[in-house]
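These notes concern the structure reproduced below.
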Amino acid sequence: MTDKIVSIRDLWVYRREHAVLEDINLELLAGDFLGLIGPNGGGKSTLLKAMLGLIKPDRGSITIFGKKPAAARSRMGYVPQKTVFDQSFPVKVLDVVLMGRYSRTGLLHRYGLQDRKAALEALQAVGMENRAMREIGALSGGEQQRVFVARSLVSDPELLLLDEPTAGVDSAQQTDFYELLCHLNRDLGIAIVLVSHDVTAISTYVSKIACLNQRLYYHGSKELSNEDIEKAYGCPVEMIAHGTPHRVLRKHD
Amino acid sequence: MIDLDFFQYEFMRNALAAGLAASVLCGIIGIYVILNKIVFISDGIAHAAFGGIGLGYFLGYDPLAFGIGSAVLTALGIGMVSSRARVSEDTAIGVFMATGMALGIMLLTLSQGYARDLYGYLFGNILAVTRSDVLLILALTSIILALVFLLYKEFLLMSFDPIYGEAIGLPVQSLRLLLLAMVAFSVVILIKIVGIIMVIALLTIPGAISRRYMKGLPAIMAGSILLGVVFVTIGLLISYELDVPSGATIILTAAVAFFLSTVLSR
């Protein structure tokens, strides 16, 4: 389990002469579970989009599975920041999950039996198989989020990128959701990058943590120093310093 | 009682054929218009088409062809503008819409014999549909049906979740422009039937009602087509019997059904 799956070198992304990402260096190994925290507007979503090949780097390089991001898309799964959709949209859960097969099926081809089988398996993996024939809008927020994870799993990804997936999901369902991610990571060996605000909660589940505010503060471990966090957030962050599952911060003597 | 001499006249047969083809078009494109929330854009395209129609008149060429041309250009223009995000989409639509109408009125006025035709384009005149119009409408309807059949899963993904679609490599921008172009074609066809002002009603009402009762996209489309057929047929019959404008009668029939279904589904 020491394969390098993601290698980001000296990455800079600008938006209108404004650096959104500065000199990002990041390496991920197969089986990693990285929590990515940082203030709003710190570039977390931008980094994920760059990894998906949706944003072109202005400088530096991103290599995923030894390829350019766009070419590696079929091996990545993506759960966007709170999927905003019409809650009365007339589509069944199974059909939503099938959408994730697009990257494999391609333009103009119809979904076949194989795709349906994969969709049902993905629903099973997130415990939603008995909702397959329901309309997506009839499910609760947490259930919908699971369906969107199933949609990202249906293409058998080796790397899963999640952008604040628990926004708008109540806290009981959040815990279930994080446990689901742990299961995918540990039992199915899928590497995960989880963007979140919820530092305290994710620090319980992830194996590595990085903090992003234009620059990336990352030591390839689960620890960030007080200094890192202060630099990233621009002020001391109380919640983290006193957070109960005390694993984000190393003890300072 | 209803006279059955209705079908004796060729203009009536043409009207009905055009109306039925248009119902198929509305049933399918209308659903995408509703789901993609591009009702206002579609209305803007219809109004902008008027500029092209005026130009056709002014130059002495087929107004419908020019109408289609300007509608498609407007559709693509709005699509491009909104993706660049310099001007907000509804501002762009507002500008295109008013400019198209102003141009159309100006050019029609400068042409000869505008008054009757102006009225026809604004409020529709299905009884003036010619045999070649019917053939054109049938051809366009078949092309659009084929496109929707081929790109069903792509349009579904784009309508449901374009952000995700883009992330997994769906050509969202091209699909959106294609959809807008399809809307443009449909809208110009509908102008012949119900007129610029009322196009949007025929595009949205059947789909809006069908959505309340049907499950799944194919069923909703089928229901919407059926409703379109019913509205057009009843509207035409009433208009023929009472000698009232056909476009308005079709729309009023649809509107009554819409309000009834709203009240009944409460």
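Just so you know, the protein sequences line up as chains A and B, in that order. Each step along the first sequence adds one to the number in my numbering, with nothing skipped, and position 82 is 82. Add 1000 to a position in the second sequence, counting from 1, and you land on the number used in my numbering. Ideal Cβ placement from N, Cα and C applies to all residues, glycine included.
Sequence-distant residues of the same chain with beta carbon closer than 6 Å to residue i, five excluded per side
| i | result |
| --- | --- |
| LEU1180/B | ALA1075, GLY1079 |
| ILE37/A | VAL199, CYS211 |
| ALA70/A | GLY53 |
| GLU17/A | none |
| ASP1043/B | ILE1200 |
| ILE24/A | ILE8, LEU11, LEU216 |
| GLY142/A | VAL169, GLN173 |
Limits of the beta strand (DSSP E) - the one that residue i falls within
| i | result |
| --- | --- |
| MET76/A | 76-79 |
| SER7/A | 4-15 |
| ILE192/A | 191-195 |
Residue i in three-state terms, based on DSSP
| i | result |
| --- | --- |
| PRO245/A | With a pLDDT of 42 at PRO245/A, under the threshold of 50, the predicted position of this residue should be treated as unreliable, though the coordinate-derived value follows. Correct three-state label for PRO245/A: coil. |
| LEU159/A | strand |
| THR1253/B | helix |
| ALA132/A | coil |
| ILE1078/B | helix |
| ASN25/A | strand |
| ILE1041/B | helix |
| PHE85/A | coil |
| THR1130/B | coil |
| THR1091/B | helix |
| TYR111/A | coil |
| PHE65/A | coil |
| GLY42/A | coil |
| ILE37/A | strand |
| LYS251/A | Unreliable placement is indicated for LYS251/A, whose pLDDT of 44 sits below 50; the coordinate value is still reported in the next sentence. DSSP places LYS251/A in coil when its eight states are reduced to three. |
| GLY1223/B | helix |
| ARG59/A | strand |
| VAL20/A | strand |
| LEU48/A | helix |
| LEU1136/B | helix |
| ALA210/A | strand |
| LEU54/A | coil |
| LEU1103/B | helix |
| LEU1059/B | helix |
| LEU1242/B | helix |
Cβ separation of residue i and residue j, assumed to be a contact under 8 Å, to the nearest whole Å
| i | j | result |
| --- | --- | --- |
| VAL13/A | ASP58/A | 6 Å |
| VAL193/A | PHE1160/B | Not a contact, Cβ separation roughly 24 Å. |
| LYS1153/B | TYR111/A | 6 Å |
| VAL147/A | ILE136/A | 7 Å |
| ALA119/A | ARG101/A | 7 Å |
| LYS1192/B | ASP1243/B | With 8 Å as the limit, LYS1192/B and ASP1243/B do not qualify as a contact, their Cβ atoms being about 20 Å apart. |
| PRO157/A | MET76/A | 5 Å |
| ILE64/A | VAL6/A | 5 Å |
| VAL195/A | LYS44/A | 5 Å |
| GLY1027/B | ALA1049/B | About 21 Å separates the two Cβ atoms, so there is no contact after all. |
| ILE1205/B | ALA1248/B | Actually they do not touch by this definition, with Cβ atoms about 14 Å apart. |
| LEU1203/B | VAL1033/B | 6 Å |
| ASP32/A | SER207/A | 6 Å |
| GLN214/A | LEU21/A | 6 Å |
| ALA132/A | VAL93/A | 5 Å |
Own chain, CB closer than 7 Å to residue i, minus 5 neighbours either side, in chain order
| i | result |
| --- | --- |
| TYR78/A | LEU52, SER152, LEU161 |
| TYR1061/B | none |
| PHE1259/B | none |
| PRO1063/B | ILE1053, GLY1056, TYR1057 |
| VAL1129/B | ASN1014, ALA1015, ALA1018, LYS1192 |
| ALA1046/B | VAL1187, ILE1191, ILE1196, VAL1199, ILE1200 |
| ARG1176/B | GLY1079, MET1158 |
| TYR218/A | LEU26, ALA210 |
| GLY1120/B | ALA1128 |
For residue i, the first and last residue of its enclosing alpha helix (DSSP H)
| i | result |
| --- | --- |
| ALA201/A | 199-202 |
| ALA1167/B | 1162-1167 |
| ILE1028/B | 1010-1035 |
| LEU1180/B | 1172-1194 |
| ARG215/A | It is not in any alpha helix (DSSP H) - ARG215/A instead sits in the beta strand (DSSP E) that spans 215-218. |
| ILE1200/B | 1199-1213 |
| ASN185/A | 171-187 |
| SER1265/B | Where SER1265/B is concerned, there is no enclosing alpha helix (DSSP H), given that its DSSP letter is neither H nor E. |
| ALA150/A | 141-153 |
| LEU272/A | The shown model of chain A, from 1 to 253, leaves out residue 272/A, and the question about it has no answer. |
| SER103/A | 102-105 |
Sequence-distant residues of its chain with Cβ nearer than 8 Å to residue i (five each side left out)
| i | result |
| --- | --- |
| LEU1268/B | Lying outside 1001 to 1266, the shown extent of chain B, residue 1268/B is not represented and no answer is given. |
| ALA19/A | TRP12, VAL13, GLN214 |
| MET1012/B | PHE1006, LEU1127, LEU1236, TYR1240 |
Does the segment 1194-1204 of chain B come close enough to the segment 1116-1128 of chain B to have 3 or more Cβ pairs within less than 8 Å?
yes
Flag this pair as touching only if the segment 1223-1241 of chain B and the segment 1020-1037 of chain B have three or more C-beta atom pairs under 8 Å; answer yes or no.
yes
Give a yes or no on contact between the segment 168-179 of chain A and the segment 33-48 of chain A, applying the rule of three or more CB pairs nearer than 8 Å.
no
Taking contact to mean at least 3 C-beta pairs separated by less than 8 Å, is the segment 1052-1072 of chain B in contact with the segment 1093-1113 of chain B?
yes
Pair every Cβ in the segment 1091-1099 of chain B with every Cβ in the segment 1141-1149 of chain B, then say whether three or more of these pairs are closer than 8 Å.
no
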